[in-house]
Amino acid sequence: MDTMTRTRFRPTTRKVQFVDLRRQHEELAEEINAAIQSVLTSNAFVLGEEVGAFEEEFAEFCGVKHCVGVGSGLDALTLALRALDIGPGDEVILPANTFIATALAVTQVGAMPVLVDHDPETYNLDPRRLTAAITRRTRAIIPVHLYGQPADMDQIRIIAEEHGLTVLEDACQAHGAFYKGRRCGSLGQAAAFSFYPGKNLGACGDGGAVVTNDDEVADHIRRLRNYGSLVKYHHENRGTNSRLDSIQAAVLRVKLRRLDAWNDARRRTADMYRAKLADLPVVPPVTAESRDHVYHLYVIRCAHRDRLLDHLNRHNVSAGIHYPIPIHRQPAYEDNCIVSAPLSCTESLCGELLSLPMHPHMTSDDVEAVVDSIREFYDRLSSRRIEQMVDSVVTGATV
Ligand SMILES: *Cc1c(COP(=O)(O)O)cnc(C)c1O
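Its first residue numbered 0, the sequence shown is counted upward by one per residue in numbering that gives the first Met the number 0.
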């Protein structure tokens, strides 16, 4: 009985998923079913009216002139680089701590990724390290709004303008996030979004989009995504096949109407986490001044990361690591990227970062269960430490 009342060893039985799409789709079941049904009735499965309507709505949402729907976030980045005329011989700067797709896009167009370290607090590309990475081959910078927090765009833009560089935002984790009153996606020459199901705005399959104010870039991507053609069987470019399909567009139109409310819910969950984690030896995410955060991921810094992750996963809490191996340590990029200065933050923090469950349908009970389990881990760790110290005093050994 005694141990039952002690919260220290209360077992966590509640299952907390990393992302819970089932709850999201339950909220919208009727609307999504109707949207899919209308595509089935229309028989327009590729591009078509729903895609056009979504493109208009998402461009308006982002506060830009154009949105071009494509097959994935990776394709959005790749086609944007192609349309911005970046290719063999060019260098493109990106943060070292990002999802591999940011680098893949650069190498897919034949250019060379140049990796730059991140800021130790926000985990976003550190503008103070940009100038040293610029050479006469540098053509573009891809800031990633990592985990849902906009990068330091003013500083990045100033340096880009000084050196005549293009800025392509990787906004794949930042749908709806504001930077000084403007949405991510409207802060560079062009921006890439992913609608992978787990993103803040996710389809029921793969999807992506490029948004831009540049008429020519938008036109170019419209051709590239569709065999290099705007008029059937007339091919101006050697394009590809990467089109947003109509069912995904119809689903995205329904979900776009919820995006701001869902991002608010993520922020409330983040507030709950912050309050409950306050007395634990972990560092919650830091939002820089005049920055917004849409918490695509809720990433903490913590000691004994791998053991904590293992503990959580064994106790019904699914947590993750974003990202366990930096790009320059991946076999695919060992000889295919440039690291001009030490990536000390990336190297040291990749062993300490842990992503806790985060999605718009999390309840306070979910948050409680996650934090209880983290508390249990550190309590056990410190009581084991004390036992070891007592043992060593008894046996006369030194700790
Ligand atoms: C998800 C993601 C991508 C790639 O999107 P896909 O749709 O999966 O191709 C690119 N960059 C970042 C930062 C991402 O998180």
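Ideal placement from N, C-alpha and C gives every residue a C-beta, glycine not left out.
On a CA-only basis, which of the options is nearest residue i? Give me that one, please.
i    : options                : result
T211 : A75, V393, L20         : A75
Q16  : I337, N335, R313       : R313
Q247 : R13, L229, E54         : E54
L348 : E48, Y178, V281, A331  : V281
C183 : L145, A269, I35, T165  : L145
A277 : V253, E367, S245       : E367
P401 : V298, L311, D334       : For the chain, the structure presents residues 0 to 398; residue 401 sits outside this window and is missing.
L124 : D153, L307, L258, N236 : D153
Q172 : K198, Q188, R156       : K198
G201 : I31, S372, I373, M388  : I31
R266 : E346, M357, N315       : M357
A52  : V253, E288, T106       : V253
I85  : F57, L164, H327        : L164
R306 : I320, L296, H295, Y294 : I320
L352 : A190, P325, G88        : P325
Apart from the five residues on each side of it in sequence, which residues of its chain come closer than 6 Å, Cβ to Cβ, to residue i?
i    : result
K275 : V370
P149 : A176, Y178, C183, R290
V393 : none
Assuming residue i and residue j are in contact, meaning their beta carbons sit under 8 Å apart, how far apart are those beta carbons, in whole angstroms?
i    : j    : result
G207 : F192 : 6 Å
A131 : S339 : 7 Å
V108 : R81  : 6 Å
S372 : H310 : 7 Å
H360 : Q23  : 6 Å
A79  : V209 : 5 Å
S185 : C61  : 5 Å
P283 : Y272 : 6 Å
Can you grab the Cα-Cα spacing for the pair residue i / residue j, in whole Å?
i    : j    : result
M3   : E375 : The predicted position of M3 is uncertain, since its pLDDT is 45 and thus under 50; a value taken from the coordinates is nonetheless stated next. Roughly 14 Å separates the two Cα atoms.
T101 : E161 : 24 Å
G175 : A28  : 23 Å
L158 : G147 : The identity of residue 158 in the sequence shown is Ile, whereas the question assumes Leu. Spanning the two alpha carbons is a distance of roughly 23 Å.
P196 : D169 : 17 Å
S354 : V230 : 46 Å
V18  : I337 : 34 Å
N262 : V389 : 49 Å
H233 : A43  : 21 Å
R256 : D270 : 23 Å
P126 : E333 : 24 Å
L39  : D205 : 18 Å
D213 : Q188 : 7 Å
V166 : L308 : 36 Å
N240 : L279 : 50 Å
T12  : N315 : 7 Å
Which same chain residues, not among the five before or five after residue i, have their C-beta less than 7 Å away from its C-beta?
i    : result
G350 : R304
D1   : Residue confidence is low: D1 scores 44 on pLDDT, short of 50, so the model does not pin down where it sits. Its coordinate-derived value is still stated next. Taken in chain order, the list of residues that qualify is empty.
D454 : Examination of residue 454 is not possible in this model, given that the chain is present from 0 through 398 alone.
Under 8 Å Cβ to Cβ from residue i, same chain only, skipping five residues before and after it: list those, please.
i    : result
S343 : D116
R242 : V45, L46, V50, G68, V69, G70, R224, N225
I155 : L124, P126, L129, I140, P142, V166
T286 : T121, Q148, H292
S245 : V38, S41, A43, F44, V45, L46, G47, E48, E49, V50
Is residue i near ligand 3, going by C-beta to nearest heavy atom under 7 Å?
i    : result
T101 : Looking for ligand 3 in the displayed structure turns up nothing; the ligands present are ligand 1.
TODO: Tell me, please, whether the stretch 119–132 touches the stretch 70–87 by the rule of three or more beta-carbon pairs shorter than 8 Å.
DONE: no
TODO: Tell me, please, whether the stretch 88–101 touches the stretch 130–146 by the rule of three or more beta-carbon pairs shorter than 8 Å.
DONE: yes
Open item on the list: Closer than 8 Å is the cut-off here; do at least three beta carbon pairs connect the stretch 53–71 with the stretch 213–224?
Closed with: yes
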